[in-house]
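Engineer: In this note's numbering, the protein residues as written are 298 to 759. Please find one structure pasted underneath; my questions will follow.
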């Protein structure tokens with residue numbers, strides 16, 4: 298949303314210092330925290346991160362055409378010369394100012410905002426919800442997985458008057474993060490897909506702590522709001538007990554309406570299933586891989602129905618869904634099939650994708666699994682269980698990549714599978730380059746920090 302500098306200053310309490318050639322009514326046409334992606338006309342927020350302080354890049358931002366820069370008051374003395382030819386907004390904390398401005402823009406826009414969270418599948422669900430709602434509405438959705446204290450405000454600042462509904466993803470790794478994001482975004486509706494072991498190492502009571510952190514979204518919704526809950530998840534299914542607004546349950550169990558049934562796995566072509574919503578029925582075919590994606594699609598159908606879109610139209614919209622980047626993408630190399638699911642991993646999602654790999658027709662099925670991070674003291678056990686699951690599913694070869702993946706290899710070996718361990722994504726790539734054969738099917742999955750997608754570069758170069 299284009300905003301005049303004087304309005305930005307007024308809404309955030311910033312001190313506006315215009316250079317002599319500038320005018321306060323001149324608008325910022327965009328917003329940025331990264332000079333590498335900054336566009337001319339953007340307002341640059343000099344945010345201090347864990348490794349870098351963006352105040353060091355303010356001059357570079359102006360060289361790229363920044364409209365103005367938001368800087369910390371404590372750094373003001375360093376920008377006396379810059380202020381002679383560029384406009385500055387002086388604040389106590391640029392990150393807090395970014396969040397404050399995003400909150401103001403969201404309130405000014407003042408239409409329905411839907412927040413999506415869950416331990417796995419947030420991005421796919423967000424994309425699916427947006428795809429269904431596009432049948433009736435002008436939808437603004439958050440880009441990629443920009444779902445944290447930096448990314449969410451930047452996505453809210455992209456709201457425009459013509460948008461009729463917004464779909465925002467909310468992530469967390471610690472208690473209180475979703476509550477803080479909800480205070481910025483002020484959601485009307487909320488979607489919770491699941492609670493899993495991801496980030497469990499950051500909570501003293503493991504997955505129960507993760508569940509409480511996810512529940513923060515439900516607590517943030519207004520009394521007239523609506524929450525959409527996966528009734529198949531033992532934690533999420535309980536989230537509606539004390540909610541004051543409307544609760545809609547989706548999934549495959551008897552408590553769900555809409556409910557998926559008669560699920561048919563079609564291998565690399567995705568899945569087909571029936572959906573029942575009240576008295577209505579429809580068939581859904583999706584190109585997404587893995588039974589876990591049924592929950593994501595059902596969440597989107599539930600939201601669409603609540604928004605007044607007929608079931609048949611919701612089902613048809615689901616047919617057009619494509620896997621987001623590095624989340625179950627199918628790739629082909631010299632007659633071998635590779636599932637690129639490198640974006641992230643947790644035990645529940647990995648087991649689901651192992652089942653998908655096991656169901657694929659292939660001469661040999663290969664699991665290349667990188668370690669799963671932030672699992673805490675349970676990491677060895679959870680990795681070992683995934684290795685056992687791979688062996689029991691009939692996966693012929695398991696390759697563990699880095700760190701705790703050694704326990705995954707141990708579990709696979711003990712359960713009777715051929716397994717090996719490598720210490721990096723590059724080593725995994727070298728192995729794949731030498732060993733991947735025509736007719737093979739391979740799944741690559743790991744936590745983001747492993748960077749397992751780098752292994753694909755070795756295959757592509759052969």
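Don't be surprised by glycine CBs; every beta carbon is placed ideally from N, CA and C. None of these values were measured; they are calculated from a predicted model.
#1: Where does residue 336 fall in DSSP's three states?
#2: Here's the rule I'm using: 16 or more other beta-carbon atoms within 10 Å means buried, otherwise exposed. How should residue 471 be labelled?
#3: If you scan the segment 652 to 728 from start to end, which runs of the beta strand (DSSP E) of 3 or more residues do you find wholly inside it?
#4: Since residue 523 and residue 545 should fall inside the 8 Å C-beta cutoff, what is the C-beta to C-beta distance between them, to a whole number of angstroms?
#5: Residue 498 and residue 419: beta carbons closer than 8 Å?
#6: Below 8 Å between beta carbons: does that hold for residue 745 and residue 649?
#7: Using the Cα positions of residue 708 and residue 503, report the straight-line distance between them to the nearest angstrom.
#8: Straight-line CA distance for residue 697 to residue 517?
#9: List the whole-angstrom C-beta distance separating residue 564 from residue 658, where the pair is believed to meet the contact cut-off of C-beta under 8 Å.
#10: Since residue 722 and residue 747 are thought to touch, with beta carbons under 8 Å apart, how far apart are those beta carbons, to the nearest angstrom?
#11: Just checking, does the segment 382 to 389 make contact with the segment 303 to 320 on the three C-beta pairs under 8 Å criterion?
#12: How close, in whole Å, do the beta carbons of residue 584 and residue 567 come, if the pair is a contact with beta carbons under 8 Å?
#13: Give me the Cα-Cα distance between residue 666 and residue 741, rounded to the nearest whole angstrom.
#14: Could you pull out every residue in the same chain whose Cβ sits closer than 7 Å to the Cβ of residue 755, ignoring the five residues on either side in sequence?
#15: Hey, does residue 571 have any beta-carbon neighbour from chain C nearer than 8 Å?
#16: Could you tell me whether the segment 453 to 460 touches the segment 431 to 438, using the rule of 3 or more Cβ pairs below 8 Å?
#17: If you pair each beta-carbon of the segment 360 to 378 with each one of the segment 336 to 345, do three or more pairs fall below 8 Å?
#18: Going by alpha carbons, who is nearest to residue 482 out of 462, 474, 570 and 450?
#19: For residue 316, report the span of its beta strand (DSSP E) as first-last.
#20: Which residues in the same chain as residue 688 place their Cβ atom closer than 7 Å to its Cβ, once the five residues preceding and following it in sequence are excluded?
#21: In this structure, what does DSSP give as the bridge partners for residue 465?
#22: For my contact list, residue 580 and residue 612 are in at a C-beta cut-off of 8 Å; report their separation, rounded to the angstrom.
#23: Can you give the Cα-Cα distance for residue 413 and residue 720, rounded to whole angstroms?
#24: Which stretch, first to last residue, makes up the beta strand (DSSP E) that contains residue 561?
#25: Alpha carbon to alpha carbon, what distance is there between residue 528 and residue 535?
#26: Should residue 638 go down as buried or exposed, given a rule of 16 or more other Cβ atoms within 10 Å for buried?
#27: Enumerate, from N- to C-terminal direction, the unbroken beta strand (DSSP E) stretches of 3 or more residues contained entirely within the segment 460 to 543.
#28: Between 603, 542, 604 and 530, which has its C-alpha nearest residue 591's C-alpha?
Structural biologist: Put simply:
#1: Residue 336: coil per DSSP, three-state reduction.
#2: exposed
#3: DSSP runs (the beta strand (DSSP E)) wholly in the segment 652 to 728: 661 to 667, 694 to 698 and 715 to 719.
#4: 6 Å
#5: no
#6: No, they are not a contact pair.
#7: 22 Å
#8: 40 Å
#9: 6 Å
#10: Correct: roughly 6 Å between the Cβ atoms.
#11: yes
#12: 4 Å
#13: 6 Å
#14: 726, 727, 729 and 730
#15: In the structure shown, chain C does not exist; there is a single protein chain.
#16: With a cut-off of 8 Å, the segment 431 to 438 and the segment 453 to 460 count as touching, because enough Cβ pairs lie within range.
#17: yes
#18: 450
#19: Per DSSP, residue 316 belongs to no beta strand (DSSP E) and is neither H nor E.
#20: 709, 712, 713 and 714
#21: 412
#22: Right, their Cβ atoms sit about 7 Å apart.
#23: 35 Å
#24: Residues 556 to 562.
#25: Linking residue 535 to residue 528 through their CA atoms gives a straight-line distance of about 8 Å.
#26: Per the 10 Å Cβ criterion, buried.
#27: 462 to 466, 486 to 489 and 523 to 527
#28: 530
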